[in-house]
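Going letter by letter, the sequence shown gives residues 1 to 312 in the UniProt record's numbering. Idealized CB from N, CA, C, for every residue including glycine. Everything below concerns the one structure shown next.
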Amino acid sequence: MKGPLFYSKILLFGEYGIIKDSKGLSIPYNFYNGALKTDDHTSPAAVDSNAKLKKFADHLSVLSQSDDVSVHFDIDRLTQDLEKGMYFDSSIPQGYGVGSSGALVAAIYDKYATEKITVLENLTREKLLKLKTIFGAMESFFHGKSSGLDPLNSYLSLPILINSKDNIEPAGIPSQEQQGKGAVFLLDSGIVGETAPMVNIFMENMKQEGFRNMLKDQFVKHTDACVDDFLKGDVKSLFGNVKQLSKVVLSNFKPMIPKAFHSLWKHGIESNDYYLKLCGSGGGGYILGFTQDIDKAKKALDGYKLEVVYNF
């Protein structure tokens, strides 16, 4: 038995900012995916996944009885399937900022939620927000506070535009120029990142007035501009804003950037060969890169692993 595939995601813009109502833009990334499976497979990964899912089932059981979130699961069927050895078979790297827990949450909701909101119905803003709230409550099991966006992206398999906390909508993004030189790429830091410690650092920083002002006046401003430019297909303006965003992140989010990448980050800004930004919460995993000339970027980042995810 194998369930439907759920894909990884990339939050192009909005990391940290969406906590403070910046815009955000999240796109599905079909290179990685995961599915619920039951078979005779008893690899260490399958056994480990099954054990984690059993703990997750306890969390869902509590959630089903909560008045805060209107969601119910067929816990009996979930428990029976887990006793048969069900696990989440996934190629999505964990701790890399591409939504490994989001895909799992989407798969479980799809299979075991009763009275679920389906992808085929008319997805009003109310339904999208309800899904986001449910997914946030489900995903909080994995890394504390969750916006619910990763599972939402994985579940719908559509680009999602975040206008504010209470205003999200499916977005049409410009079609790719397959032969284009410009690109968005993933740069592998070679380090696994953990979301919770990074979010904790951010929340501590938010207690300082100077940091809060920087977030509002610089980070959110450039993030919002990047989202608008990307959706309009205004590549020239986009790269100007991505450069500013990259500078702001290097100055104010140093703990979220692995030390080995500080000088690489700076070099991109100074040379204009590429600009780097956080992919997810940072601390490791993937770093997101933007370049107007992918060949130049590859030369400048020789020895590093790059994966192109979008061409301009």
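Within the same chain, Cβ atoms closer than 6 angstroms to the Cβ of Thr291 are found at Ala183, Tyr274 and Ala297, the five residues on either side in sequence being excluded.
Spatial neighbours of Ser49 in its own chain (CB-CB distance under 6 angstroms, excluding positions within 5 residues in sequence) are listed in chain order as Tyr87 and Phe88. Cβ atoms of Ser281 and Met198 come within 8 angstroms of each other, at about 4 angstroms. One alpha carbon belongs to Ser237, the other to Phe141, and they sit about 39 angstroms apart. Within the region 1-44, the runs of beta strand (DSSP E) that reach at least 3 residues and sit entirely inside it are, in chain order, 6-13 and 24-37. In the three-state reduction of the DSSP assignment, Phe290 falls in the strand class.
Restricted to the UniProt domain "GHMP kinase N-terminal" (86-150), the alpha helix (DSSP H) segments that are unbroken, complete and at least 4 residues in length are 100-112 and 125-143, listed in chain order.
In this structure, the alpha-carbon of Gln244 lies about 9 angstroms from that of Phe219. DSSP places Val199 in the uninterrupted alpha helix (DSSP H) bounded by Thr195 to Asn205.
The residue from Leu215, Thr133, Lys277 and Asp217 with its alpha-carbon nearest to that of Phe239 is Lys277. With 16 or more other Cβ atoms inside 10 Å of its own Cβ, His222 counts as buried. Secondary structure note for Asn213: its alpha helix (DSSP H) is the uninterrupted segment Glu209 to Met214.
Residue environment analysis places Ala196 among the exposed positions, since fewer than 16 neighbouring C-beta atoms fall within 10 angstroms of its C-beta. Following the DSSP letters along the chain, one finds Val308 inside the beta strand (DSSP E) bounded by residues Leu306 to Asn311.
Within the model, the alpha-carbon separation for Lys20 versus Leu301 is close to 33 angstroms. Residue pairing of His72 in beta bridges, as defined by DSSP: Thr114. No Cβ-Cβ contact shorter than 8 angstroms links Val308 with Leu25.
For Phe185, no alpha helix (DSSP H) encloses it; the enclosing beta strand (DSSP E) starts and ends at Ala183 to Asp188. In the displayed model, Ile269 falls within a helix according to three-state DSSP.
C-alpha of Val249 to C-alpha of Ser175: approximately 28 angstroms in a straight line.
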